[in-house]
Every structure is written in C-alpha cells, then in structure tokens.
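Visitor: Those letters in the sequence shown? Residues 1 to 237, by UniProt numbering.
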Amino acid sequence: MNKAEVAELYRRLADRIPNPETELEYVNTYTLLVAVVLSAQATDAGVNLATRDLFRTVQSPQAMLALGEEGLKRHIKTIGLFNTKAKNVIALSRMLVDEHGGEVPEDRDALERLSGVGRKTANVVMNTAFGHETFAVDTHIFRVANRTGLAPGKTPLAVELKLDKVTPPPYRRDAHHLLILHGRYVCKARKPECWRCVIADICRYKPKTPPPGTEPALRGKPKPTKRTQPRTRSSAG
1 MNKAEVAELY RRLADRIPNP ETELEYVNTY TLLVAVVLSA QATDAGVNLA TRDLFRTVQS
61 PQAMLALGEE GLKRHIKTIG LFNTKAKNVI ALSRMLVDEH GGEVPEDRDA LERLSGVGRK
121 TANVVMNTAF GHETFAVDTH IFRVANRTGL APGKTPLAVE LKLDKVTPPP YRRDAHHLLI
181 LHGRYVCKAR KPECWRCVIA DICRYKPKTP PPGTEPALRG KPKPTKRTQP RTRSSAG
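1) Who are the Cβ neighbours of L33 in its own chain at under 7 angstroms, not counting the five residues just before and after it?
2) Less than 8 angstroms between the CB atoms is what I'm expecting for A175 and K162, so what's the real figure, rounded?
3) If you run the structure through DSSP and keep just helix, strand and coil, what is G101?
4) What number of angstroms, rounded off, separates the C-alpha of K120 from the C-alpha of E112?
5) What are the boundary residues of the alpha helix (DSSP H) that N48 is part of?
6) Would you kindly report the start and end of the unbroken alpha helix (DSSP H) that includes E112?
7) For V27 versus Q59, is the C-beta spacing smaller than 8 angstroms?
8) From which residue to which residue does the alpha helix (DSSP H) around I76 run?
9) Using CA coordinates, which residue listed in L179, A110, A35 is at the minimum distance from I79?
10) Just to confirm, is the Cβ distance from I76 to F82 under 8 angstroms?
11) Identify whether V27 lies in helix, strand or coil by the three-state DSSP scheme.
12) If I measure Cβ to Cβ from E160 and keep anything under 6 angstroms in the same chain, skipping five residues before and after, which residues do I get?
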C-alpha cells in the first residue's frame, strides 16, 4: 500500500469514526490499567459488566489492596482466567504503591515491569491515558493491518513497528482506536463485511465478502438436469 493509499485509508476511517475511543469503562488511569489487564482473552463488554460495580468503590491501588485478592475474585469471576488476573492486579497494585507512590507510570519500561502488563497493555495505557502515539496491536489490529496491506507482519511487534513507520502524523494519536473499532465491527475475523467497508476499494483482501442474501457465482459447468420423462423404445416395422 503506497503513501497516498495509507493516507486515504486513515482519512476515510476518521470520517466514519470521528471520535474513536476505547470501549472499556474506567474512572481514571489506574482503573484503565486494571481494565486493560482484565481484558486479555476477554471482550470489553464482559470486562465492563464485571468492573462496573468494582470501580464504584475501588479507584486506587490502595483501595484494591484493601479489597484483597479474594474480594477482587468475587467481582471478576465471570471473566476468563480470573484467578490469575486477580493475582496480577493485586501484585501490580502493590508495586504501584511501593515503587511509584500509588501513581501509574507514563514510561513503557516501567509499565511493563508491573505484574501482568505486557507491551500491548503498556501501549494502550500510554495512548489512552497519556496521549502518546503508540500502537497496541491486538487481534483486531493484527488482522486489519495484514488484510488491508496497511502494515503486514508475521508478529504483533512487526505490525506495530510497521504502523509506526507508515501512519501519517494527523492520525497517529487515534490510529489504534480507528483500526481496532474497524476490525471489531466491520473487518470481522470469520466474515468481514466488505460490502459496507469504506476502504474496500483500496484494501488488498480478496475475494470481497458479498452482501447477505447474495447468491454466490456458479463455479464450473452447471450440472445436467435429470430427465423428467421416461425413455420410450422405438419399435421395428
């Protein structure tokens, strides 16, 4: 995909999604960090259902430590891997209190040293909470980047580095959310909705998915129809 196509791709997505933002619900930077950690291998909707009540009373690492691991588990038991995630949230909360004065650090390396926080989570927090131009490559962004030809790569890191290289300045701040929302609602994993995609004509993905109810084209020669009348023998005169 050339520079003009990349710029046009982002322009169209920005027109379609004028105010892109995370669908995770949070109160402050700390609750955003917790929500992102909980969202691994889970849907944002599922995380929101679990954290809505939790974040009414727990909005700081100190409050989380007071709640404790077992108390946290009761709130997040509907989320996959909740036992491991509860341990990580309590551990990272302790690290924030002991090493960062209870504040979430703005530095990627410091974020990645927190329990349960990897590069993707750190990038989400840096972008959403602090406004950094980072690219957190999840399954949706990985798919969109490869399908469209925007930033093909075999690993999330390769895609991230390519996005960082090709994304024009006007869109760098919102690129993460533009791509993830497009992947979640249009460029879906099993059946992308190409017929309503605003970038279909510049996307490299083929064949395009037809609209629902559209008959697929016949492949090969049509099968002969069966005879409806029985054969009759000719009689010799």
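Cβ coordinates follow ideal geometry from the N, Cα and C atoms, glycine included. This structure is a prediction, so every number in the text was calculated from the model and none was measured.
Guide: Answer, in terms of the structure:
1) Translated into positions along the sequence shown, residue 33 becomes position 33. Cβ neighbours of L33 beyond the five flanking positions: V104, V125.
2) Against the sequence shown, residue 175 aligns to sequence position 175. Against the sequence shown, residue 162 aligns to sequence position 162. That belief does not hold up - the Cβ atoms of A175 and K162 are roughly 12 angstroms apart, past 8 angstroms.
3) Residue numbering aside, residue 101 sits at position 101 when the sequence shown is read from its first letter. In the three-state scheme derived from DSSP, where H, G and I count as helix and E and B as strand, G101 is classed as coil.
4) In the sequence shown, counting from the first residue as 1, residue 120 sits at position 120. In the sequence shown, counting from the first residue as 1, residue 112 sits at position 112. Looking at the two C-alpha atoms, the distance is approximately 9 angstroms.
5) In the sequence shown, the residue the question calls residue 48 occupies position 48. Per DSSP, N48 belongs to the alpha helix (DSSP H) from 44-57.
6) On the sequence shown, residue 112 is found 112 positions in, with the first residue counted as 1. For E112, the enclosing alpha helix (DSSP H) covers residues 108-112.
7) Here residue 27 refers to the residue found at position 27 when the sequence shown is read from its first residue. Here residue 59 refers to the residue found at position 59 when the sequence shown is read from its first residue. The answer is yes: Cβ separation under 8 angstroms.
8) Reading the sequence shown from its first residue, position 76 is the one you call residue 76. That run of the alpha helix (DSSP H) goes 61-76.
9) Here the question's residue 79 lines up with position 79 in the sequence shown. The candidate whose alpha carbon is nearest that of I79 is A35.
10) To locate residue 76, count along the sequence shown from 1; it is residue 76. To locate residue 82, count along the sequence shown from 1; it is residue 82. Taking 8 angstroms as the Cβ cut-off, I76 and F82 qualify as a contacting pair.
11) Reading the sequence shown from its first residue, position 27 is the one you call residue 27. In this structure, V27 counts as coil in the three-state DSSP scheme.
12) Here residue 160 is taken as the residue at index 160 of the sequence shown, counted from 1. The answer, listed in chain order, is F135, V137.
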